[in-house]
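Enquirer:
Number of protein chains: 2
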Amino acid sequence: MADQRLYHKVANQILELIDSGVFPPGSRLPGERDLAEKFGVSRVSVREAEIALQAQGRLEIKVGSGAYVLDGSDMPLNGLPKVGPFELTEARALFEAESAALAAPIITDETIAELENYIAIMSGKVESELSPDEADAAFHNTIARSTNNHAIMFVIDSMWKMRTEAAQLQRVYKNVCDKDSSHREDEHQAILNALINRDSSAARRAMRAHFTRMIEALLEASEEEAYQEVKRKASESRSRFLLTKQLS
Amino acid sequence: MADQRLYHKVANQILELIDSGVFPPGSRLPGERDLAEKFGVSRVSVREAEIALQAQGRLEIKVGSGAYVLDGSDMPLNGLPKVGPFELTEARALFEAESAALAAPIITDETIAELENYIAIMSGKVESELSPDEADAAFHNTIARSTNNHAIMFVIDSMWKMRTEAAQLQRVYKNVCDKDSSHREDEHQAILNALINRDSSAARRAMRAHFTRMIEALLEASEEEAYQEVKRKASESRSRFLLTKQLS
DNA sequence: ATTCTTAATTGACTATACCAATTTAGCAAG
DNA sequence: CTTGCTAAATTGGTATAGTCAATTAAGAAT
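So the protein sequences, as listed, match chains V and P.
The first sequence maps to residues 1236 to 1483 in our numbering.
The second sequence maps to residues 1236 to 1483 in our numbering.
1) List the endpoints of the continuous alpha helix (DSSP H) containing Ala1373/V.
2) Can a CB atom of chain V be found closer than 9 Å to the CB of Asn1384/P?
3) Val1304/P by DSSP, collapsed to three states: which one?
4) Count the other CB atoms, across all protein chains shown, that sit within 10 Å of the CB of Arg1419/V; report buried if there are 16 or more and exposed otherwise.
5) Identify the residues that DSSP records as bridge partners of Ile1296/P: which are they?
6) Residues in its own chain within less than 6 Å of His1445/P by CB, not counting five upstream and five downstream?
7) For a contact defined as C-beta to C-beta under 7 Å, what are the partners of Ala1372/V on chain P?
8) Would you mind sorting Asp1254/V into buried or exposed? The rule is 16 or more other CB atoms within 10 Å of its CB.
9) Name the chain V residues whose beta carbon is nearer than 8 Å to that of Leu1250/P?
10) With burial defined as no fewer than 16 other Cβ atoms inside 10 Å of the residue's Cβ, what is the status of Val1407/P: buried or exposed?
11) Could you tell me whether the segment 1328-1345 of chain P touches the segment 1345-1361 of chain V, using the rule of 3 or more Cβ pairs below 8 Å?
12) Look at Ala1271/V and Val1281/V and say whether their C-beta atoms are less than 9 Å apart.
13) Assign Arg1263/P to buried or exposed, taking buried as 16 or more other Cβ atoms, counted over all protein chains shown, within 10 Å of its Cβ.
14) By the three-class DSSP mapping on this structure, what secondary structure does Arg1240/P have?
15) Arg1263/P by DSSP, collapsed to three states: which one?
16) Among Ile1378/P, Ile1387/P, Pro1260/P, Gly1319/P, which one has its Cα closest to the Cα of Arg1293/P?
17) Quick check on Lys1360/P: does DSSP put it in helix, strand or coil?
18) In chain V, which residues lie with their C-beta within 7 Å of the C-beta of Phe1446/P?
19) Near His1385/P, which residues of its chain fall below 6 Å by C-beta distance, leaving aside the five closest residues on each side in sequence?
20) With distances taken between CB atoms, is the gap from Leu1329/P to Ile1387/V smaller than 9 Å?
21) How many Å lie between Phe1389/P and Leu1427/P at the Cα?
22) Which residue's Cα is closest to the Cα of Val1411/P: Ser1334/P, Arg1448/P, Gly1266/P, Gln1424/P?
23) Beta-carbon within less than 6 Å of Ala1287/V's beta-carbon, same chain only, minus the 5 sequence neighbours each way: which residues are those?
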C-alpha cells in the first residue's frame, strides 16, 4: 500500500473530501497551489492527481477557473463493452426483472407516484424537460434505486448506457425503440401495477414480458431489414431465452 | 478543437500509435524523455498524457520500467460504485443465478471441464498459477461467458471487481470469504452438477443457494464483530431477500 | 446600475534537477 | 559456458521555480 504513487494518494485524498461532502458535486476545488500546500506536496502532484480524476470523469478542469466536482450521474463510465441489441435486451430482461422483484416489497408510495409521472411523460400527457427516452431511463433507474442496492443500481444504469451507445450505432435498435412506444405504455403500466400491489412475482413477470416483447420486435425488425449480424445473434439465442422464460 | 490541452493532444497521439499497431498491447512505450522530444513537448506533458491514459485503463505505468500498453480485456473499468458486502452479495445472488440459468442449456462439455478444473484449484487438489480466489473469479466468469452474452459477462465481471475493492476495505467481507472455503466447494459442485444436467432451473437454485449462504455468513459475522454499518444494511434487507428467495 | 478597464487568480506548460526503482551490462566465481 | 553478483545506465516519480494565457473579480468611469 505504501508503494503507490504520490499523485495517486493525493487523488484519493481529494476523492475522500468529495465523498465526505466537503466538496459536493458542482462545487469548485481549491486551486492547485492551495491544495499543494494543504497536502504538503508539489503542485505537479496535485495536477497529476486532478488530471487522473478528470480522466476518470470525476472532475472537470477549466482553464483559468478551477477544477469542479462532477455529479456522479453524468459520469461517462469507461470501459463499457460493445454489445448487440439482442444480447443487451436479453440481459435486461433477466436483470431488470430481478430488480423489479426485489423492489416490489419495499417500494414507497412516493416512488410509485414518481413512476406514474414518468409514464405520463413518456405518453406525452405531461410536459417536462425530460424527453420520453429520458423518462424511460428514469423509470427503470428509479425501480433499481428503490431496491436500495447500489450494485443493482449500477448494473441497471450501466445497461442503459450500453443501450444508448448501441442505439447510436445500430439503426435496427433505434427503429424498434421508436416504434414500440405504443406497447411501452401498457407494459410500463403493468409493471407499475405489480409494484403497487407489492407483488414481487408479478413485477418480475411484467418486467420480463416487457423485454420479451422487445426481443420479438427486434427479431421481426432483423428479418425485415437484413441486418445479418443481429439476425445471426438473435436466432442463435432465441431458443434458449424462450426456454428460460418458461422456467421463471 | 484547438483549445484542448497539450497533454490531451499528446494522449491522442499516443492512442493513435497504439491503435495503428505501432505499439501493440503488451508492448512498452518509449521513455517519457524520448516521447517528449519526439512530440516536441516537455516531459511533464507526456507524463500527464500517460497518467490520463492510465486512469482510463489504457496504459500501465511501472516505475523504473516503463509504460505498457494494456490489452482491452484487462481494462480496470472506472467508476465502480462503493458497495457494501451485503448488497453486493444480494445482487450477485440474483444476477449470477440468472447467468447460470441462461448458461445451462447451451454450455459445452469443454467449458464444463474448465469449471471442474477451477473447482479443483480452489480445493487445492490441483496446483496452478491461479490463486484460489482467482479460480473462484474464473469459475463465475466462465459461466457468464458461456451465456454468450457480453452484457451479462460485463455485469458479472463488474460485480467481482466490486467485491475485490470491497474486500480490501472491509474486514468482515474478507473474513467471511476466507472462512467459507469449506462450503464453497460443495456449492460450486452443486452448481456444476446442475450445469452438467443442463438443468436451467436447478442451476438457478444452486447459484442462489451459494450466495444465500454467504449472506447468512455475513449476517453472523456482522453480529459477532460489531460492524454497525454492515449490520444495519443487513437487517434492513434481510426480510425482503428471504422473501424473494421463495418466489423463484 | 452598467460597462469598461485593470489587477489578481488560476490553470497550462516549460526547464532543470534529484531521487528511487528497475533494468541492463559487465565482471567474477563456479 | 553458465550462474550469480555488482555497478552503471535507464526510467518513472517528485520538487522547485518561473513564464504564459485564460478567467475572474474588483474598481473606476459612465
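Here a beta-carbon is modelled for each residue, glycine too, at the ideal position from N, C-alpha and C.
Expert: On the basis of the coordinates in this document:
1) Start and end: 1367-1380.
2) Chain V contact via Cβ: present.
3) Taken through DSSP and simplified to helix, strand or coil, Val1304/P comes out as strand.
4) Under this definition Arg1419/V is a buried residue.
5) Beta-bridge pairing links Ile1296/P to Ala1302/P.
6) Excluding sequence neighbours, His1445/P sits near Glu1422.
7) By Cβ distance, chain P contributes nothing, its closest Cβ being about 16 Å from Ala1372/V, past 7 Å.
8) Asp1254/V comes out exposed.
9) Chain V residues near Leu1250/P: none, gap ~12 Å exceeds 8 Å.
10) Counting other Cβ atoms within 10 Å of its Cβ, Val1407/P reaches 16 or more and is therefore classed as buried.
11) At 8 Å Cβ cutoff, the stretches do not touch.
12) Their beta carbons are under 9 Å apart, which means Ala1271/V touches Val1281/V by this criterion.
13) Flag for Arg1263/P reads exposed.
14) Coil, per DSSP.
15) Arg1263/P carries a strand assignment under DSSP once its states are collapsed to helix, strand and coil.
16) By alpha-carbon distance to Arg1293/P, the top candidate from Ile1378/P, Ile1387/P, Pro1260/P, Gly1319/P is Pro1260/P.
17) Lys1360/P: coil per DSSP, three-state reduction.
18) Residues of chain V with a Cβ closer than 7 Å to the Cβ of Phe1446/P do not exist, since the nearest Cβ in that chain sits about 12 Å away.
19) Apart from the 5 residues on each side of it in sequence, His1385/P has no Cβ closer than 6 Å to any other Cβ in its chain.
20) With a cutoff of 9 Å on beta-carbon distance, Leu1329/P and Ile1387/V are scored as near each other.
21) Between Phe1389/P and Leu1427/P, the C-alpha separation is close to 21 Å.
22) Out of Ser1334/P, Arg1448/P, Gly1266/P, Gln1424/P, Arg1448/P has the C-alpha closest to the C-alpha of Val1411/P.
23) Cβ neighbours of Ala1287/V beyond the five flanking positions: Ala1246.
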